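Q: Quick one: the structure is below, and I'll ask about it shortly.
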Amino acid sequence: MVKISFLGSCREVGRSAVLIESKKGDQLMLDYGVRFSKEARLPVEADLSHLKAVALTHCHVDHCGALPSLYSNHHRPPLFTNEVSLVIAEKLIYDMLKISRYPYPFGKHEIEEMKKNAQFLEVGMKQKIAHEFYLTFYNAGHIPGSVSILVEVDGKKILYSGDINTIPTNLVEATTSRIIPEIDAAIVESTYALRKHSPREDLEKKFVENTMGTIENGGKVLVPAFSVARSQEALMILDKYHYRGKLFLDGLGTLISKIYYDYPNELKNKLHYRKAMSKVNFVNRRRKRELAKKSNGVIVSSSGMLKGGAAMEYIKPILKDPSSAIYLVGYQVEGTPGRQLIDEGIFHFEEHNISRRTDYDINIKAQCAVKHFDFSSHSDGEELHNYVDNLRFTNHSKEVFCIHGDNESTGTFAKQLVNKGYTSVAPEDGETYRI
Ligand SMILES: [Zn+2]
Ligand SMILES: [Zn+2]
């Protein structure tokens, strides 16, 4: 019997961590992330004394943020990943430690140990980690460097999807489950299991049309965006539909954009990427920021849900200007300032953080235009169903575990799969299943 323990990301998005254990007791950890709210930010504790390896699907902190805590003692398992994921994971973990007041049980030493134990694994290469225990990476289509992981243990095959996208973006190729060999069980993300995305091309065109209209009328456009992948995606979309006005990029996204330059093979179209980036003014000094504030152009700035970050430097005058606009380009979690801005037209943000050197207390009713263009990097409900339906299972029980989505998304997705003949559950944190 192979054991699968869910140490996080159950009925929520955050602290992804799945532990696979062989008959002999050898262990493999798939992702080890953090969550941002609540007190318990690290995965559920477990006896990891037989941990033979760790494997990472991608660099978002809900998948990698707690990895350093696995490198705090002398037992240091290899971390299988790829270079672009490791380089960005390191930056994001340091940034997380810098801005958070939560007492994470690790620091520079553990991050350095994590890096020392990293081994780069190419997509499609089967890696042995213990007796009768292997893993293979497959492209996941989510962000540059993202992978799904196939685990082969004691003759059983388990797919861990990680975050997936079956629709191509400008940055990366889409994935398909048709590339996965026959399996015994799948662990699948459910982030947007209950949603339907608008057709991508329409959304891209509308975004650029709206942007150009605002600029032509003398306004500014603020595009708050996640620093990893979404900022670059927004810039590539603007280039694709011939936006020719002024363009600024501010915040952590500038650093991530430079890292992508170093890993062109992780991008779908490196020439388009370079062309789009060549038009962008990277805001790296105060003087440039002043210039960006004065010019009428597009400012793409870190902070996808407007919870602080460089976007705060620009937002006040834009909110008060009826000829300007704020276009949100990612999912807005309930309770975030970005969500409130969309739902109520009010922007409310308060932060007084010494290490971040911030002192904000903003409460403004938006007079500018506010629109939401969700350039998702996750599959929606229909696409997730297609993904699962295209998997090939070795037996009739067709086991599917639904994780990485809120209570309703994971629970409903599992029920829908049961109705289609799958054996499916949305596990709870800390539960162990045997297959
Ligand atoms: Zn992700
Ligand atoms: Zn995720």
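The opening position of the sequence shown corresponds to residue 55 in our numbering, with each subsequent residue numbered one higher.
Backbone N, C-alpha and C fix where the C-beta goes; we use that ideal spot for every residue, glycine too.
In this text, all values refer to a predicted model and were calculated from it rather than measured experimentally.
In the DSSP assignment, find the unbroken beta strand (DSSP E) run with L301 in it and report its ends.
A: In the sequence shown, counting from the first residue as 1, residue 301 sits at position 247. Here the beta strand (DSSP E) through L301 covers 300–304.
Q: Measure the alpha-carbon distance for L360 versus F401 and round it to whole angstroms.
A: Here residue 360 corresponds to residue number 306 of the sequence shown, with the count starting at 1. Here residue 401 corresponds to residue number 347 of the sequence shown, with the count starting at 1. C-alpha separation (whole angstroms): 9 angstroms.
Q: Please say whether G351 and K300 have beta carbons closer to each other than 8 angstroms?
A: Residue numbering aside, residue 300 sits at position 246 when the sequence shown is read from its first letter. Residue numbering aside, residue 351 sits at position 297 when the sequence shown is read from its first letter. Taking 8 angstroms as the Cβ cut-off, K300 and G351 qualify as a contacting pair.
Q: I need the straight-line Cα distance from N338 to G363, nearest angstrom please.
A: For this step, residue 338 is matched to residue 284 along the sequence shown. For this step, residue 363 is matched to residue 309 along the sequence shown. Cα to Cα, N338 sits roughly 14 angstroms from G363.
Q: Three-state secondary structure (DSSP) at N440?
A: Locating residue 440 in the sequence shown gives position 386, where the first residue counts as 1. In this structure, N440 counts as helix in the three-state DSSP scheme.
Q: Using a Cβ-Cβ cutoff of less than 7 angstroms, which residues in the same chain neighbour K558 once the five nearest sequence positions on both sides are dropped?
A: Any answer about residue 558 is impossible in this case: the structure gives the chain only from 55 up to 489.
Q: Runs of 3 residues minimum, wholly inside the stretch 367–394: which ones carry the beta strand (DSSP E) assignment?
A: Runs of the beta strand (DSSP E) inside the stretch 367–394: 379–382.
Q: To which residues of the same chain is K180 closer than 7 angstroms at the C-beta, ignoring the five residues directly before and after it?
A: Locating residue 180 in the sequence shown gives position 126, counting from the first residue. Hits under 7 angstroms: Y188, T190.
Q: Quick one: using the 10 Å Cβ neighbour count with 16 as the cut-off for buried, is V56 buried or exposed?
A: In the sequence shown, the residue the question calls residue 56 occupies position 2. V56 comes out buried.
Q: Any heavy atom of ligand 1 closer than 7 angstroms to the CB of F217?
A: As a first step, residue 217 is located in the sequence shown; it is residue number 163 there, counting from the start. Reading the sequence as shown, one finds Asp at residue 217 and not Phe. Indeed, a heavy atom of ligand 1 lies less than 7 angstroms from the Cβ.
Q: What's the call for R89, buried or exposed, on a 16-neighbour Cβ count within 10 Å?
A: Here residue 89 corresponds to residue number 35 of the sequence shown, with the count starting at 1. So R89 ends up on the buried side.
Q: I want to check one thing, is the minimum distance from the CB of H196 to the heavy atoms of ligand 1 below 7 angstroms?
A: As a first step, residue 196 is located in the sequence shown; it is residue number 142 there, counting from the start. True, at least one ligand heavy atom lies under 7 angstroms from that Cβ.
Q: Looking only at its chain, what residues have a beta carbon closer than 6 angstroms to the beta carbon of D239, apart from the 5 residues adjacent to it on each side?
A: The count along the sequence shown starts at 1 and reaches residue 239 at position 185. Going by the sequence as given, residue 239 is Ala instead of Asp. Once the five neighbours on either side are set aside, the close Cβ partners of A239 are I212, E453, I489.
Q: Around the Cβ of E99, are there at least 16 other Cβ atoms within 10 angstroms (buried) or fewer (exposed)?
A: In the sequence shown, residue 99 corresponds to position 45, counting from 1. When all chains shown are included, E99 counts as exposed.
Q: Within 8 angstroms of any Cβ in chain C, is that where the Cβ of K322 sits?
A: Looking at the structure shown, chain C is missing, and only one protein chain is on hand.
Q: Given Y156, which residues of its chain have a CB within under 7 angstroms of its CB, disregarding the five upstream and five downstream residues?
A: In the sequence shown, the residue the question calls residue 156 occupies position 102. Hits under 7 angstroms: R95.
Q: Going by the CB atoms, is the gap between I353 and V277 shorter than 8 angstroms?
A: In the sequence shown, counting from the first residue as 1, residue 277 sits at position 223. In the sequence shown, counting from the first residue as 1, residue 353 sits at position 299. Yes, the pair counts as a contact, with Cβ atoms nearer than the cut-off.
Q: Could you tell me which residues DSSP puts in a beta bridge with L471?
A: To locate residue 471, count along the sequence shown from 1; it is residue 417. Answer is none; L471 lacks a bridge partner.
Q: Report back the beta-carbon spacing between S430 and Y246 to the nearest angstrom; my notes put them in contact at under 8 angstroms.
A: In the sequence shown, counting from the first residue as 1, residue 430 sits at position 376. In the sequence shown, counting from the first residue as 1, residue 246 sits at position 192. Indeed, because the Cβ distance is near 7 angstroms, the residues count as touching under 8 angstroms.
Q: According to DSSP, is F187 part of a helix, a strand, or is it coil?
A: Counting from 1 along the sequence shown, the entry for residue 187 is found at position 133. In the structure shown, F187 sits in a strand (DSSP, three-state: E or B).
Q: Alpha carbon to alpha carbon, what distance is there between T220 and E137?
A: Numbered from 1 along the sequence shown, position 83 holds the residue referred to as residue 137. Numbered from 1 along the sequence shown, position 166 holds the residue referred to as residue 220. Answer to the nearest angstrom: the Cα atoms are 23 angstroms apart.
Q: Should H114 be listed as close to ligand 1, given that the test is whether its C-beta is under 7 angstroms from any heavy atom?
A: If you number the sequence shown from 1, residue 114 lands on position 60. Indeed, a heavy atom of ligand 1 lies less than 7 angstroms from the Cβ.
Q: Is H117 near ligand 1, going by C-beta to nearest heavy atom under 7 angstroms?
A: For this step, residue 117 is matched to residue 63 along the sequence shown. Yes; taking the cut-off as 7 angstroms, the Cβ of H117 has a heavy atom of ligand 1 nearer than that.
Q: Would you call the stretch 65–77 and the stretch 115–129 in contact, with 3 or more CB pairs under 8 angstroms?
A: These segments touch.
Q: Helix, strand or coil, according to DSSP, for P481 in the structure here?
A: Mapped onto the sequence shown, residue 481 falls at position 427. In the structure shown, P481 sits in coil (DSSP, three-state: anything other than H, G, I, E or B).
Q: Count Cβ pairs between the stretch 194–208 and the stretch 101–116 that sit closer than 8 angstroms; are there 3 or more?
A: In short, these stretches touch, since the Cβ pair count reaches three.
Q: What residues match up with N491 in a beta bridge as DSSP calls it?
A: Only positions 55 to 489 of the chain appear in the structure, and residue 491 is not among them; the question remains open.
Q: Taking the DSSP output, what are the residues bridged to C113?
A: Residue mapping note: residue 113 aligns to position 59 of the sequence shown, counting from 1. C113 pairs with nothing; no bridge assigned.
Q: Here's the rule I'm using: 16 or more other beta-carbon atoms within 10 Å means buried, otherwise exposed. How should N461 be labelled?
A: Taking the first residue of the sequence shown as 1, we reach residue 461 at position 407. Its Cβ having fewer than 16 others within 10 Å, N461 is exposed.
Q: Put F427 into one of helix, strand or coil per three-state DSSP.
A: Within the sequence shown, numbered from 1, the residue matching residue 427 stands at position 373. Three-state result, F427: coil.
Q: Would the beta-carbon of V387 be found less than 7 angstroms away from any heavy atom of ligand 2?
A: In the sequence shown, counting from the first residue as 1, residue 387 sits at position 333. V387 Cβ: outside cutoff for every heavy atom of ligand 2.
Q: For the beta strand (DSSP E) containing T220, name the first residue and the last one.
A: In the sequence shown, counting from the first residue as 1, residue 220 sits at position 166. No beta strand (DSSP E) holds T220; DSSP gives it neither H nor E.
Q: Is it buried or exposed for V472, if we count other Cβ within 10 angstroms and need 16 for buried?
A: Residue numbering aside, residue 472 sits at position 418 when the sequence shown is read from its first letter. Exposed is the call here.
Q: Since S285 is in the alpha helix (DSSP H), which residue starts that stretch and which ends it?
A: Along the sequence shown, read from residue 1 onward, the residue named residue 285 stands at position 231. Segment 284–294, the alpha helix (DSSP H) holding S285.
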